[in-house]
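When you number the sequence shown by the numbering used here, it's gap-free, plus one each residue, and the end is 1306. Structure first, then comments.
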Amino acid sequence: MPALAQNGRGPALSAEAVFLMDPQGNVLFAKNAEEEHAPASLVKLMTLYLAYEDLEAGRAEWEEPVTVSLKAARTPRSRMGLRPGEVAPFGVLLEGVAIASANDAAVAVAEHLAGDEESFVARMNAKTQELGLTATRYANPHGLPDPAQRSTARDLAVLTDHLLHDYPAVRTILGGKTFIYRGRVYSRRVPPLLEPGGVQAFKTGFTSEAGYNLAVAAWRDGQRFLGIVLGAPTRGLSFLDAQRLIRYGLTQSGLEPPSENHRPSLPPRKRGNRS
């Protein structure tokens, strides 16, 4: 993939690393795209990839029951609040992974598909080689901090591209705002650009080490643009960076008239600890 705008002319962004891919897989803009970074909950994109791989292969079904283990139930937040021994539909757990960014759901999915979390992580790492993720290493299926778990903006873009191309049905939950399970409504904050003609699929991630991470995809006239934002100082700025990236891509591709999308970069600011 030739980088057409590496750390040069393009949108002014606050994030530490970004990557923008056009519908043909060309790089429209990149900033520190090969630098290793804590992926936080963007790890769940690989968890979803393997889950949909098994769904398509007939090794799993959307409505099949999954028994939640004690280990899964005790996984730190973000969580669905699953209880040990609880039986939940596989598809609901995938909604929990995508929409609620639920770590307990991610472990339950991993254990259900591979028998235990460690075997699932081994499968995740094997898949990185198959998909060409040259700088990605996984240590868990949810993204909570682990020094062995790293990725890059480029690798996360390649993974997201494969996920949306290989399993288009995942777009339903990656674009979802809410889901209901056992009478409880689970929801997530939606980027202001998630609207017709804007971003229609996204996944967030945050830890104190990673900052605010975001993977977004937008479709315009049947063409998909994909952006990765890593290490933004706030969630709001990660959304704004993504909006600027997508609009830059649309402008460069002649699908949207030029607009002012430059602003001074802001210093990193990180707080809290949540995947």
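From the three backbone atoms N, C-alpha and C, an ideal C-beta is built for every residue, glycine too.
| Query | Result |
| --- | --- |
| Separation of leucine 1124 from valine 1118, as counted between CA atoms | 10 Å |
| Cβ-Cβ distance between valine 1097 and alanine 1139 below 9 Å | yes |
| contact_flag[the region 1263 to 1283, the region 1199 to 1206] where n(CB pairs < 8 Å) is 3 or more | no |
| According to DSSP, residues forming a beta bridge with valine 1123 | For valine 1123, which the question treats as bridged, DSSP gives no partner whatsoever. |
| Three CB pairs or more closer than 8 Å across the region 1072 to 1083 and the region 1271 to 1288 | no |
| Beta-carbon spacing of threonine 1167, threonine 1183 below 9 Å | yes |
| Exposure label - glutamine 1180; buried when at least 16 CB within 10 Å | buried |
| Span of the alpha helix (DSSP H), counted from its first residue to its last, around lysine 1062 | Segment 1058 to 1062 is the beta strand (DSSP E) holding lysine 1062; no alpha helix (DSSP H) there. |
| Helix, strand or coil at valine 1138 according to DSSP, with G and I counted as helix | helix |
| Valine 990, enclosing alpha helix (DSSP H) - first and last residue | A query on residue 990 cannot be resolved here, the shown segment of the chain reaching from 1032 to 1306 and no further. |
| 7 Å CB neighbourhood of alanine 1133 in its chain, flanking five on each side removed | Ser1109, Arg1110, Met1111 and Gly1127 |
| For valine 1260, three-class secondary structure by DSSP | strand |
| Methionine 1052 - containing beta strand (DSSP E), residue span | 1048 to 1052 |
| Exposure label - alanine 1153; buried when at least 16 CB within 10 Å | exposed |
| Proximity of alanine 1248 and leucine 1195 at Cβ, strictly below 9 Å | yes |
| Alpha carbon of alanine 1043 to alpha carbon of isoleucine 1259, nearest angstrom | 15 Å |
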